[in-house]
Every structure is written in structure tokens, then in C-alpha cells.
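Encoded as C-alpha cells, the structure appears first; notes follow it.
Residue numbers (the numbering used here), protein chains in the order written: chain H, 3 to 683; chain L, 75 to 413; chain W, 13 to 293; chain P, 8 to 162.
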């Protein structure tokens, strides 16, 4: 019944034995500690012969518990537990008593060190008496990944996983994949055309056998856990049958609603109600904007089915597909279910709303534009075919003021953080501007220039030195209109003077913000987010691509502002994590997980279902379970731990007032035994 | 033997007892409560109360007591039996109902085995009771065959005969011995019939009606109705002078421990919980019934005594105003109506 | 007010809106009331309301015996009503499963209960029906609400220790404090867990200290200060001082008052990044 | 006086596995000596430390307790130390209110890199508690036996 415990005291050469009388520790332990049937000391327990000694003694002495008094468990706990497995002993009956780092190395007095070691060993032998066999938790893995978001991060991750041989489901809520990167003109620090490097990737993703793409779709719900997520995807009604449509353009050419601001062009151009967001869109098949289409407006007003409206049927009439048209006004949202083993969240960012800076004329003056709008102006495929023309009158601006840190580093506007990319893209903007308007002059107001990155500093220096942009260190206090000029009032803190610039156009380097619905989305996924609503990585240094939920990874700007190379790197990292995860049929997890008490009827569980545990769990690993009678009526609702999600922190156990949850490996009896064995009185 | 005792002599009495090696326990006021507690002088004694909060039982069956200690060595257990638990004492000024509880409980503690903790304390402690000169609505000693001046269980009975004088009657040899040892403190009674100041406790029910009804009505709906407000706290059982259930637990560190006897009570949900999870008394009506049945039926059948002395503590202390005499009145009335 | 209460109770029972009324009835003596459970409309005259209605009847929501009577309407004072807020937040009851008969109250107990001396819920903050004239709830400053603690907080360390040791020594471990507490709803109290036995069940000073400290701690951020624990303690231990101390700390540190707002996150199940850490090195 | 200098306080430290335990290891690796009065109990996270553990440590004769984990924001489990901090924010004043000197239960954030801070903290705790003297109040109630039974405790 009782355990037979073997205690192996390591000399660690002389690392331990110089200041701890290891023989005495072994002797006292053998003499006093209940359950201890064998003790020995050995020169180097971690050496091959040392491990062999352990393996042999477990067998010879029939040991059912082991304490190794040696170095920190961080060093060799794994080693000794593995050795125990080889002798048929469940590894969780092996504990390490740390008498080197926390004793022999820090207490030079031998009697003192010996006494403390004896105590530490006693505490561990007591714990071992309460150790239970634990089995590694096996989790089945569905070998398919879900990627949420079709920007550069999502595409990169999708391609990496798909190339690795696994199925990928990609969900993009817009009508086309591509994200922000597709909108950009040129990219720093090399000034290569964004579309030129982005479009091939989009095409590759679209054509990849392993990638299934759902555009114009959103995540309805995600349940399950690592290896086994159940995802519901809402395919929003596109009103166009993607299988039938050839993207011939007949429909949008005839659409009478032509005054709708193009989201892709950041409102600098118009689009139709049936439209593709941009010429290189993938899929390059249109969608009907039901908010703005007059047919749908009419149907809503009359409360009839869209197809019954006769207000305008130009697009369907123009559709050359026969006998069944590719346009279906009555199409409804469709919910599809998929099972995946891992998820990458790559939902991106949004640009700070321009109206927030009223003092800069944001949202008030047409010629005060945001960085993204400037990208469209500078883009060869943009509304001005790449010519820099100011929005109000199409005039070529001769003086352009770029204002940095608009929103970023400004707690009063709700973003205390640095958006990281603006210094670089502003430098790029000044160059693009100078390349296109040779006689123009660019002024940049900055707080600090942060260009940490390969080639970045050189790039921004080039903007200043070669392209002649005037950099002014200071903030702009106000922008107002005077005639057709914009007067920019600012400070140059280096000279200590007030600066007033008569500009033709002002470009605001607006902050990167988390998506508007980031909070709700995070809750849908049970992942954590920070104060700025960017999704939180599991560990800021060591687990930068893992989310707080096992099996859900983060890529790109949904986790925080970052530029393209960083985004691509993170996407690749996330993809490699997913690939590793999908490489086996089953995952083995360390069985240090929490467990909610279960008993025979009529008690069922001592849990009373207050769900404090659920509220404190960082991993959403606590579920509720209805314990039901035979007739189906609920007897009581209690907590249950999802082993797939639990990471073994023990927060729930310490929160539970009735101690109905315990953490395997550190259960109540084990901790109690350790404290009990302190035995000061 | 009859004597009188003047209030002014209380102090010499206590001092005298102390000199003879007695510890004195008497009613003492602490904040809102009057409790039976150790006193050093007569000044501490409080007599202007109906009933002490705690019962006399505490001095014979303490709320917690070590029954043995042990030391665990690796392959050896050494046991040490406690000593010195029976302290030579006088309980002075307890009520006759409390005193009456002792002979009733003697039966259970000397039944299949003799409980040395009880027996030795019974020997070591002398009971000097003061007859009640006042009572309240909760008192019902007269309904259970006792009286505010019962001598049952007392070694000496004091009865107030004037504002500053008590009549002293010895009931047992032990009592007589105590008085004899302190002759100077007592006076001889004045001739004539003293004016005994004894409370008049209203008789609430006929005790004879109770058991016959209980014999027949194990499944009566009144158990549930009456106990609906009960919150299962068990305070009633802890303040009761005749409730004597206890639980034994081991409290230990790694190498040594004590086996401890603690009060327990039938009103707790866990009291009858089996390891299997089954609980034969899982609801409060069953537990309330048990309390009444044990006191007025089972104990009677086994020991020929009612296990209740009518002190009323349980009803006074009940957080939900469960009133035992009210329950018994209902039973007696029902039984009356049957006839 | 009694008439209005009885009328409403009768109406609720007749319309089958509820199955039972948990209310106050006449007690053993004129100075006492007792809980009554009215299931028949014709019994509503047993309901009373007066200054002796000190009980917090919501404790019967945790008792299987009373719950078996069906959906209840509960007569609650403003203080008691706070309990229901906590019970809802802690998943013990759904709002629609209880009908709240709020009574306006100017204080109970004779002498006036301490909880009434700084009452800011004369009118319950949550109810389905309000019985009695609405009383404007006062705003009471922080210091005044916890004034009761002042004389104990300023004691020296030794005085505090001696005071509480004396109080805890009286404890007889009857657990009336937790039995009456509407928020002590665990099926198996931690003190009843014996593998391992964290809290010694014995009523000796060691067991009494760990029990009383743990009981109070388990109510941190939860206790609504109905003072029932203190009222029922047969040993007259001022238990509510401990609860109140914790309420004070919870309010001071987390700006949280239990039972006041159904939308607040439970103080002990959440955190703020800038929580106080003056004492952490 | 000689008696007093002899008193060696007994300290129990509850450490989180990821930060402070590793910090204590680092102190060892750096051979940074400190007083040997501490017995360490390792848990995955400070968030898993129930106040009952601390009470039990006192019951088993500790004169002082140290609870230490990751700095805010560094918790291996994201928020374990934040929840722990909430608990201590109420538990510590409660003990103080009951007459336990708060210096007997100390809290710290020590990262895996702060071997030096570990040494400083432990020495600090030991010195503070040494100055406070043995925890006599608790030792008295730790004695089970007739002297602690109801009869004498009433007085």
C-alpha cells in the first residue's frame, strides 16, 4: 500500500558534496522519512552510469517513488523522469530536490547546508508519497488549418502551410483577398511596387490545390480546442455565383450606381454597386453592395424579395451567362462548418479615422489626406494613375506637409503606442512625391525618427539628404485653410521657432489601430487582447506568435503595428508552428492540467458552479457541464476542464473556495504534504 | 443538611474553594453574553440572568479535547495518553436544568463502555446549583418533569430567600463534604419557613403525550413543515446540555499528531453522509425529526430518560426561531385530539 | 405596508406567478420574527413586516428544502437584495427564477442593527415590486461606511491579536455563520474537506483562527454585509468586522462594492493591470 | 540577549516555477550566498497559491513567509500574478487586522534574471523576521493539548 521511495543524493562532483554532507543526508533520510526504503549517494547522477543506477534500483528495489537530490529540476527533471519511464515507473513519481542551486552553492557552511538539504529532501519524499501516476494527454489533430484574414500575413501563412502539404481554409471578409498591402504604391526600403510583389502571391494562393478560399465571408463561431476546432463560417450573400461568373465585367459596366466611394481607393475614387474592389482582385468576380444597390434598396422599402423588384435589372440583363445567370439577387448567407486543427489569426489593422484630428483639418479639408490615401494617389493603378494630384481640384501640389505620429504616441487620442511604420512610409512618401513632382517640396514634422531595420536608416537619410525633404522636429498645432492653401502651424523644437507653412496638401501619418471589432472577435475566439485591442501573444518574448489559446496563432498587424517584412516573418513563424502541430496525428501534452472533482451520485461533484474558475482562467479552459438525471432534467451545473486548453497554471484551483478543482502534479495533497514536511514545530 | 449563605460571603466562598485546590466556574458576563467560565473572585460572578449562554456540558464534554497524542517514527508509533484533564472544580451557580442533564448523560457515557473523560470529570467536579428566581418564555423545565428548583444532578442547591441570602441544601455526600470544608462561610438557617424565591415556569405540554405520538408519526408532514425555516446550523445541538454527539479526528503534522474529540451535531448535512455519497438523512426534515425522536423516543427507550431538560437554549439561540417547545406543544395537542 | 405586501403576495400566488412566498412571520416573542413560507393564497395574512425583520431571507435560495417549493417570491430589504445580485453573478440563480418583493426599510433591530447605521439602500436597488413608500437612497461617504472599523484598526498589533484570539476562542465551530450566510453556498465547505484537512475542524485556537480567517476571506468581494453571521453566532463573535474589513479593502483597492451593480466584474475573479502593489517588493 | 541572537527564523517561500524559482537558481549558479533559513515550495504560478497554504505554513511553525513570482506583465500564464496580487491585496490586510504583523508575510516580484534580487529579498525577509522574533502568538496556538482546549481558552 505505502510507497517504496528511493532517494538518490548526488555529489555533483564536489559541487554539492563540498558544502553538503551527502552521506548524512542519505542516512537521515533513510532513518527518518516514512516510505523511504532505499537511499544512496552517487558522484554524478545525471551521467550515464548515474542514470543506469537509477534505472537498475527502480527495478531491483521495486521503487514506486523517487527523489533525486541534485541540481535544479530545470536541469535534469526531464532526464530522470525519462530514465524512470525506461524502468517502467510512471515519470510523475519522480521529484527533484534542488540541493545544488538552492543549497550547496549558496550556503558555504556544511552543517547548515546539510540540515537544509535534509529538510528539502524530506519535503520532496513527502510530496512523492502523494504523487499519482499521470498519463500524457493525447489530443487528436485535425490536419487542416484555418487562416482568418487574406492580407499579406494570411496569404503568406496559407502558402507556407499549403506548401507543407496541409489543407488550408482561408476566410476573408472583403470581396477580395489582398488586404492593405494590395493598396500600397511602392514599398520601403526598396521602393519595389507593392502590387508587383503582392499579386503573384494572391494568384498563387488562389490557385493552390491545398487552399480553399472563402472571400466575402466571416467567422460565425469557433469552438473546440487545440487540434480540434469547430468553425462556422458565414459566407455572406455575394449575389453572384462564383462558379458561373467569369468576371467578364459586363455587369459592373452597366451598373447605374456609380457614385459610391471606393473603399479600396480610400474614398478618392468611385465604384459601382456591383463591383470588384480593384482590377487585380481575387477572385476577380464581382459582389453586389446591397446597401447601395437601388434594386435592394427598393426591395427593402417594399419589403419584397430582391428578385421581385423591377427597379433596375441592368446587371442581370447584361450578364452573358446562360441559361442560368451568374447573378442571383435572392442569394442568402450560407453557414458552412469546417473542422480544423489550428488557426492563424491575421485580421490586420485599420487606419486611424481621419476625423479624429479636427485641428489638422482631418475629415474637414479634402486636401488633408491620410497616409493610405497618399498610397492610392501614388499608386500607378490608383485613381490618378500614379500622378500626385490633390483631391480638391486635381492640382499638382507644390508644397506638401507630412505630419508624423498622428494618433500614435498620443494618449489623449487613445493610442499611447508607436505605430512603427509611419517614419518609414513618410520617408517613402516624400521620395515618391519628389520623384513625381520634381519641383515640389516636402516638409515632414516628426517627434523622433525611428528607423530601426535593415536599410531603414539609410532609406530615411536618403529622403532627407538626396531627395531634399525638410524634416522639422516638432508637432503641428493646427492646420487651417486660407484661400486654396492649407496653413500649417507648427513648432520646430530644434531651433525653437514657430513654423508656418503654406501647403497645398497635408498628409497625416495616421496611426495603425486594431480593427473596430477586434474585441468582439477576440471574445469569439477566446483569445486575449491588450489595452489597445491588439491581440496578445502568449509570451512577449518567447511565444510571440502564439495567442493565449493553444492552437491559435497570430500573424501580422492584428497583434500590433508592424511592417511588411515583419508581418511576413511572423506569418512564416506562425505557419511553421502550425506545420509542427499538424505533423503528427496525435499531440501529447504534459498532463499537468486541472481537474474538477467528480463523485458518485448523489453528490456528482463538490463543485457548486459559481464559475469563478472560468472567469480567472487565462485559457478559457473551463467549460460548464450539466449533470443530468435519466429524464434529462438538470441536476446541477458544474465546471469541467478542457484538457486540450488547460496549461496547468493552477489559478482555478487557488480560486476555488471549496477546493473542488485541483491541479494534477501539484494537487492539494501534494502541496499539503510539502508544507506539512516543513516541520518547524 | 441545610445552611444559608449570604451574598457578601460569596467572596470568602470562592477564596475558600481556591485554597482547597478547586477551580471555580461560575456565570460571568462578557459583552452581551453570560457564560459559565472560570472565575477568580466573586466580583466576576453574574447572577442576574435567566440562563447562561453555554451549558454545563462544556465542562464534562469539552467542545474539543485531545484523547491521545502520537509520535510517528519511521516504523513506529508511540502513543501518549492525556493526563490532568479532570480538574478539581466547582461549578457554582449553574441552573437546576443544567445539573439535571448530568445524570441523564451518565447513562450514555457509562453504557457499553465507560468514557473515562466523562467519568473522571464527573468525579472531579462538584455542582452547586442556584434555583431559578426568574425565567422566560423559552423555559419549559416543568413540562419535562423538572422544576426551577430541582435537585436532580446537583450536589448542593442554593435557593434565594432574600435579596442577599440563599438557602443552602446539600443533596449529595459530595456536596456535604464541600460545605463541611467551608463551615465559616455558611450560617445556620433561621427557624421557620424561608421565603423561597423560585420562578414559576409555565407548563406548556403534557410530556406523556409526546412519545405515543412519536411512536406513530415517523412520516408525518409536520416534520417538513416545521423545519422549513431551519438552516441546519446545529447551534441548537452545541448549546444543548444533553446533546452529546462527537466526532473524532486526527490532527497531525508529518511526525506527530493528536486524536481529537469534537462536538458534532445531527443537524449538519454532513453528519450522516456516507463515504459512498449516500446520505440517509439528506434533508432537514429528517434531521429535525431525528433530533426530536432521539430526545423524546429513542433515548427514552434505551435509557428510560427524556434527553431534554427544558432549558430552552436551543430556541433562544436559533437563528431562524425554531422553537422546540412549540413543536412539542403541537405534538401534545395532536395527541390530545386523537383521544 | 403590510396590507400592500399581503395583497401583492396573494396576487402572485393566485396568478401562479410564483409558487411560494419567502417572508417574515410572527416569532416566538414579540421581539422576534421568523421566516415563513406561504404557498396558499389564504395564508398570506401570516406575512408581517416590522422592525424585527432582520433576517436575510435570500439564504433560503441555497436550501434544497425551500427550493423544492417552487419558484419563490422573496421579501427583501435593500441590503438583502444585494445578495440576489451576487447570486446571479455567481451563477447560483437566474434573475427570472426569483420574484423580488422589495420592501423599503428605515432600519431593523432593537437596538438598531449596525448595518442600518450607514445604510444606503433603504430602497432596494433591484426588485420586481416595491412595497412601501420609496425612500431616496443616501450617498454615504467611504469613511462613514467603514467607521465601525476605526477603533479596531487603530489597535496595536498585539492588541489586535489578543482581541481576536479572545473572540475566536469562543468559537464552538457550529458553523452557524456559514449556514446562515446566503453566499456560503458550497456543497462541501472547505472545512469539511479532509483529504487534506486544510482547516482543523477542532474548536481550538488554531482551528478557530484558520476557520474564521478563511470564512471571511472566502467572502472577500462577495459579502454584502447583511451581518447575519454575526447575528446568529451563538458565541457572539463580531464576525462582521472581518467581513467589513474585507469590503473596505475591496472597495479601496478595486473600487468594487459587492451587490451594487450587476454589470461589474466580480472583484476576486478579475484584475486590473494597475492594481495596488505597494506592498510587493 | 544571547538567547535572542540565537533565534534563527524559519521561512517558507512559495515560488512560481518560471520566474522566482529560476531567479533563485540563478543566484545559485552565480554562487551568491544568502541565509539558509528558507525552505522553498515550488508551484507553477503565484496564481495557484491559495491563502490556505500560507496559514498552514504558519501552523507548521513558520516565522515568516515569502511569496514571490513574475513581475507584472511577465507571467508565464499571462495573468496568474495579477490574480494573485488581487488576493494578497485583501488577504494581507485581513491578517494584519487579526493582529499578524504584515512583515511576516512578504511578497515580491523576482524574475529569472534577478538572482541578486532573490538574495537581497531572502536576506531581507530573514533579517526582518529575525528582528520581529519568533512568531510566538502562532506557536502558542499551534500547541494542541489540554492547555489549548476550550476550558482554558475561555479565559
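Note that the Cβ used here is the ideal one computed from N, Cα and C, for glycine as well.
Interface with chain L (9 angstroms Cβ-Cβ cutoff): residue 221/W is excluded. In terms of CA proximity to residue 200/W, 663/H leads the group 672/H, 4/H, 663/H, 676/H. When DSSP states are grouped into helix, strand and coil, residue 13/W belongs to the coil group.
Along the stretch 197-212 of chain L, going in chain order, the ones with a CB nearer than 8 angstroms to a CB of chain W are 211, 212. Cβ neighbours of residue 239/L within its own chain (closer than 8 angstroms, five residues either side excluded): 78, 79, 80, 81. Exclusion of the five residues before and after residue 504/H leaves 401, 487, 489 as the residues of its chain whose Cβ lies within less than 7 angstroms of its Cβ.
Annotation: residue 157/L is outside any alpha helix (DSSP H) and is labelled neither H nor E by DSSP.
When DSSP reads this structure, residue 37/W sits in a beta bridge with 46/W. Interface annotation, residue 231/H: not in contact with chain W, CB-CB separation never under 9 angstroms.
Nearest to residue 646/H by C-alpha distance, out of 139/H, 255/H, 71/H, 256/H, is 139/H. Residue burial is scored here from C-beta neighbours: residue 173/L has at least 16 other C-beta atoms within 10 angstroms and is therefore classed as buried. For residue 264/W, the uninterrupted alpha helix (DSSP H) segment begins and ends at 251-266. Interface flag for residue 104/W against chain L is unset, since no Cβ pair is found closer than 9 angstroms. Inclusion of residue 40/P and residue 110/H in the CB contact set at 9 angstroms is warranted, their separation being smaller than that value. For residue 263/H, the pairing in a beta bridge is given by DSSP as 272/H. Three or more Cβ pairs drawn from the stretch 153-167 of chain L and the stretch 183-200 of chain L lie within less than 8 angstroms of each other, which places the two stretches in contact. Inclusion of residue 12/H and residue 72/H in the CB contact set at 9 angstroms is warranted, their separation being smaller than that value. The shortest C-alpha to C-alpha distance from residue 185/W to any of 113/W, 222/W, 167/W, 170/W is the one to 222/W. From the beta-carbon of residue 679/H, the residues of chain L found nearer than 8 angstroms are 328. Between residue 199/H and residue 348/H, the C-beta gap is not smaller than 9 angstroms, which leaves the two residues out of contact.
Separation of residue 250/W and residue 107/P (C-alpha to C-alpha, rounded to the nearest whole angstrom) is 18 angstroms. Here residue 384/L is near residue 213/L, since their CB atoms are less than 9 angstroms apart. Under a 10 Å Cβ-count criterion, residue 279/H is classified as buried, with 16 or more other Cβ atoms of the shown protein chains found around its own Cβ.
For residue 104/P against residue 58/P, the beta-carbon gap comes to about 14 angstroms, at or over 8 angstroms, which does not count as contact.
Relative to the Cα of residue 126/H, the nearest Cα in the group 175/H, 92/H, 68/H belongs to 68/H. When rounded, the separation of the alpha-carbon atoms in residue 96/P and residue 81/P is 19 angstroms. Under the 9 angstroms criterion on CB atoms, residue 674/H is classed as interfacial with respect to chain W. Within chain L, the residues placing a beta-carbon under 8 angstroms from that of residue 602/H are 350, 351, ordered along the chain.
In the DSSP assignment, residue 84/W forms a beta bridge with 32/W. Under the Cβ criterion of 9 angstroms, residue 26/H is not counted among the residues facing chain L.
509/H is the residue among 221/H, 211/H, 509/H whose C-alpha sits nearest the C-alpha of residue 447/H.
When secondary structure is reduced to three states using DSSP, residue 61/P falls in the helix class. Straight-line measurement puts the Cα of residue 244/H at about 22 angstroms from the Cα of residue 314/H. Closer than 9 angstroms to the CB of residue 47/W there is at least one CB belonging to chain L.
Judged by beta-carbon spacing, residue 83/P lies beyond the 9 angstroms limit of residue 615/H, meaning their Cβ atoms are not closer than that value. When the five nearest sequence neighbours on each side are left out, the beta carbons in the same chain lying within less than 7 angstroms of the beta carbon of residue 248/L are those of 200, 229, in order along the chain.
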